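Undergrad:
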Amino acid sequence: MNIQSFDVTIIGGGMVGLALASALANSELKVAVIEGKTPPMIIPDEHEIRVSALSAASKNLLTNIGAWPYIAQNRHQPYSNMSVWEKDSFGKIAFDASSIKSANEASLGAIVENSIVQQALWQAADAAPNVTLFHPFHCQSVAMGERETWLTLVGASDDNKHVTQSLTSKLVVGADGANSWLRKQADIPMTSWDYGHHALVATIETDMPHDNTARQIFSPDGILAFLPLNEPNLSSIVWSQSPDSAQQLRDCDDIAFNRALTAAFDNRLGYCQVKSARGVFPLTMRFSQSFAKERIALIGDAAHTIHPLAGLGVNLGFLDAAALAQELLKNHKQGKDIGELANLRHFERWRKSDAIQMIAAMEGFKQLFAGDNPLKKLVRDIGLVAVDKITPAKEVFIKHAMGLTGDLPELSKSVLSKADS
Ligand SMILES: Cc1cc2nc3c(=O)[nH]c(=O)nc-3n(C[C@H](O)[C@H](O)[C@H](O)COP(=O)(O)OP(=O)(O)OC[C@H]3O[C@@H](n4cnc5c(N)ncnc54)[C@H](O)[C@@H]3O)c2cc1C
Numbered sequence: 013m014n015i016q017s018f019d020v021t022i023i024g025g026g027m028v029g030l031a032l033a034s035a036l037a038n039s040e041l042k043v044a045v046i047e048g049k050t051p052p053m054i055i056p057d058e059h060e061i062r063v064s065a066l067s068a069a070s071k072n073l074l075t076n077i078g079a080w081p082y083i084a085q086n087r088h089q090p091y092s093n094m095s096v097w098e099k100d101s102f103g104k105i106a107f108d109a110s111s112i113k114s115a116n117e118a119s120l121g122a123i124v125e126n127s128i129v130q131q132a133l134w135q136a137a138d139a140a141p142n143v144t145l146f147h148p149f150h151c152q153s154v155a156m157g158e159r160e161t162w163l164t165l166v167g168a169s170d171d172n173k174h175v176t177q178s179l180t181s182k183l184v185v186g187a188d189g190a191n192s193w194l195r196k197q198a199d200i201p202m203t204s205w206d207y208g209h210h211a212l213v214a215t216i217e218t219d220m221p222h223d224n225t226a227r228q229i230f231s232p233d234g235i236l237a238f239l240p241l242n243e244p245n246l247s248s249i250v251w252s253q254s255p256d257s258a259q260q261l262r263d264c265d266d267i268a269f270n271r272a273l274t275a276a277f278d279n280r281l282g283y284c285q286v287k288s289a290r291g292v293f294p295l296t297m298r299f300s301q302s303f304a305k306e307r308i309a310l311i312g313d314a315a316h317t318i319h320p321l322a323g324l325g326v327n328l329g330f331l332d333a334a335a336l337a338q339e340l341l342k343n344h345k346q347g348k349d350i351g352e353l354a355n356l357r358h359f360e361r362w363r364k365s366d367a368i369q370m371i372a373a374m375e376g377f378k379q380l381f382a383g384d385n386p387l388k389k390l391v392r393d394i395g396l397v398a399v400d401k402i403t404p405a406k407e408v409f410i411k412h413a414m415g416l417t418g419d420l421p422e423l424s425k426s427v428l429s430k431a432d433s
């Protein structure tokens with residue numbers, strides 16, 4: 013059996029795992045990425061229905077690790093305005109990037125198809141001499157030693173032959189998504205609850221142009237977001253609602269769907285027409301009780317999943333990746349063992365506290381807007397209008413939406429000059 017040694021092995025070459033690999037590119041650390049699928053390297057003509065609203069902080073990271081130029085050359089849509097309102101009420105709030113001078117940003121963020129982000133990061137990681145990508149490879153077993161871990165992988169070679177491979181590494185990172193194989197192997201317990209919502213996603217053409225504005229409407233039945241795509245009348249929707257109604261709307265014919273969507277969106281952009289397949293995703297809150305163990309770290313959806321109402325999931329995962337890279341590079345420079353739990357503790361405290369605050373905030377939002385108790389509705393409408401009118405409060409809100417608050421890793425704070433990086 014072939015055996016190779018690495019400093020860091022990342023299980024999962026999704027957006028978050030590849031961001032970590034690219035953040036460690038060109039360092040002294042030898043990095044492996046194990047990905048179960050081979051990402052398609054061709055961008056299809058049709059928009060993918062899975063998109064992410066990337067924050068300004070995520071754009072900073074993607075720029076600093078060399079992935080943004082690929083995204084900039086391909087389909088993406090910066091958005092400079094955001095509008096949030098409650099159905100059948102006076103409660104509304106609107107933001108625009110130009111009103112926040114201190115952030116020095118022309119946009120609040122960008123909507124990008126997940127596969128384009130993954131391709132950009134794949135290319136950045138693949139170009140790094142210290143990163144090896146194993147794909148399509150799956151992990152078969154993991155064993156922890158005192159100074160290293162042993163992983164056995166199975167996969168296919170370039171000439172499509174079945175291959176078994178062994179890797180040793182000082183640290184194994186689980187970036188293998190919500191049902192993380194590594195988290196289960198390491199017996200790391202998880203707290204979880206069902207949000208009672210399924211998210212329906214699709215690409216929609218509207219009569220009126222989106223004007224580079226991300227829009228979201230809250231109603232007692234659910235939360236509907238319209239995210240602008242790179243054509244003026246095309247948006248991607250995330251419609252969170254009860255599992256039964258999400259299923260009905262996925263299965264009904266196009267005309268019934270278009271009517272229901274146009275009405276749910278208060279006719280804001282005129283008649284809406286579905287232009288893609290409709291996908292439905294169950295929404296679950298997951299929070300891993302540890303983000304680190306001896307020789308193990310968890311990042312991205314492997315560590316936490318949250319309601320997509322604020323479009324934060326992958327943005328949080330990118331902060332995990334940037335924070336872990338910063339800690340690993342610092343510890344390596346100081347001659348410390350990068351896989352020792354004591355040296356992973358700071359990363360764990362840092363990222364757990366951020367994730368817990370976001371989970372609590374999402375729960376608060378979801379509960380606040382659930383149901384149609386008239387008193388609760390009056391309180392939240394007054395709150396929305398107040399934030400809309402009070403400039404300092406609004407600035408704080410906008411900076412949160414841009415991901416530019418809190419204890420950010422260096423790679424996410426701003427675009428670094430070559431000399432800084
Ligand atoms: C409807 C919806 C809308 C969303 N919208 C937004 C948004 O607007 N903004 C935002 O920030 N977030 C959003 N999110 C969340 C975001 O999609 C996730 O947080 C993000 O995709 C997580 O990325 P990841 O790399 O951690 O995990 P994943 O994307 O799940 O990647 C895991 C990777 O690991 C690989 N893998 C898994 N197991 C193994 C194994 N054993 N061996 C090898 N490889 C393995 C998989 O093939 C995959 O490539 C949304 C989520 C949903 C459901």
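Residue numbers (this note's numbering): 13 to 433. Each residue gets a CB set at the ideal place from its N, CA and C atoms; glycine is no exception. Every value quoted in this text rests on a predicted model; they were computed, and no experiment measured them.
(1) Tell me the DSSP secondary structure of N343 in three-state form.
(2) Any idea if E9 is buried or exposed, counting beta-carbon neighbours within 10 angstroms, 16 or more meaning buried?
(3) Is L324 near ligand 1, in the sense that its beta carbon is under 7 Å from a heavy atom of that ligand?
(4) For D108, does the three-state DSSP call read helix, strand or coil?
(5) Can you name the residues that DSSP bridges to R280?
(6) For V63, I'd like the list of residues in its chain whose CB is within less than 7 Å of its CB, leaving aside the five on either flank, ordered along the chain.
(7) Taking only the alpha-carbon atoms, compute the straight-line gap between N385 and I105 and give it to the nearest angstrom.
(8) Taking the alpha carbon of D332 as the reference point, which residue from D313, G323, D100 and W205 has its own alpha carbon closest?
(9) With which residues is L66 paired in a DSSP beta bridge?
(10) Assuming H209 and S254 make a contact with CB atoms under 8 Å, what is their CB distance in whole Å?
(11) Could you check where the beta strand (DSSP E) with I23 kicks off and where it finishes?
(12) Run the proximity test for D188: is its beta-carbon closer than 7 Å to any non-hydrogen atom belonging to ligand 3?
(13) With DSSP collapsed to three states, give me the class of K49.
(14) Quick check: does the Cβ of W362 come within less than 7 Å of any heavy atom belonging to ligand 1?
(15) Would you mind stating whether N242 and R87 have Cβ atoms separated by less than 8 Å?
(16) Quick check: does the Cβ of H209 come within less than 7 Å of any heavy atom belonging to ligand 1?
(17) CB-CB under 8 Å to M27, same chain, minus the five flanking residues each way: which ones, in chain order?
(18) Let me make sure I understand the geometry here. Which of N142, P141 and P90 has the alpha-carbon closest to that of A118?
(19) Run through the DSSP bridge pairs and tell me what K305 is partnered with.
(20) Please determine if the segment 166-185 and the segment 274-293 are in contact, where contact requires at least 3 C-beta pairs separated by less than 8 Å.
(21) Would you check whether ligand 1 has a heavy atom nearer than 7 Å to the C-beta of H222?
(22) So for N72, helix, strand or coil by DSSP?
(23) In angstroms with no decimal places, state the Cα-to-Cα distance between S92 and A84.
(24) Could you pull the DSSP bridge partners for L236 from this structure?
(25) Quick one: measure Cβ to Cβ for L380 and I308, integer angstroms, because I've assumed they're closer than 8 Å.
(26) Measure the beta-carbon distance from V250 to V213 and round it to whole angstroms, keeping in mind my assumption that it falls under 8 Å.
(27) CB of K49 to nearest heavy atom of ligand 1: below 7 Å?
(28) Between the beta-carbon of F230 and the beta-carbon of K99, is there less than 8 Å?
(29) Would you say the beta carbon of S92 is closer than 7 Å to some non-hydrogen atom of ligand 1?
(30) Using the C-alpha atoms, what's the distance from L66 back to N72?
(31) Have a look at Q260, A258 and Q285 and flag the residue whose alpha-carbon is nearest the alpha-carbon of I442.
(32) Drop a sphere of 10 angstroms on the beta-carbon of S424, count the other beta-carbons inside from all chains shown, and report buried for 16 or more, exposed for fewer.
(33) DSSP has S204 in a bridge; who is on the other side?
(34) Where does N93 fall in DSSP's three states?
(35) According to DSSP, is V175 part of a helix, a strand, or is it coil?
(36) Considering Cα atoms alone, identify which of P148, A337, A139 and Q228 is closest to A168.
TA: Considering the structure as presented:
(1) helix
(2) In the structure displayed, the chain extends from 13 to 433; residue 9 sits before or after that span and is not available.
(3) yes
(4) strand
(5) G282
(6) I123, V124, E125, N126, L239 and S248
(7) 21 Å
(8) D313
(9) A122
(10) 7 Å
(11) N14 to I23
(12) What this structure holds is ligand 1, not ligand 3.
(13) coil
(14) no
(15) yes
(16) no
(17) S64, N126, V129, Q130, L133, G312, V326, G329 and F330
(18) P90
(19) I308
(20) no
(21) no
(22) helix
(23) 16 Å
(24) I229 and W251
(25) Their Cβ separation, rounded to whole angstroms, is 36 Å, which puts L380 and I308 out of contact at 8 Å.
(26) 6 Å
(27) yes
(28) yes
(29) no
(30) 10 Å
(31) Outside the displayed span of the chain (13 to 433) sits residue 442, for which this structure offers no information.
(32) buried
(33) R298
(34) strand
(35) strand
(36) P148
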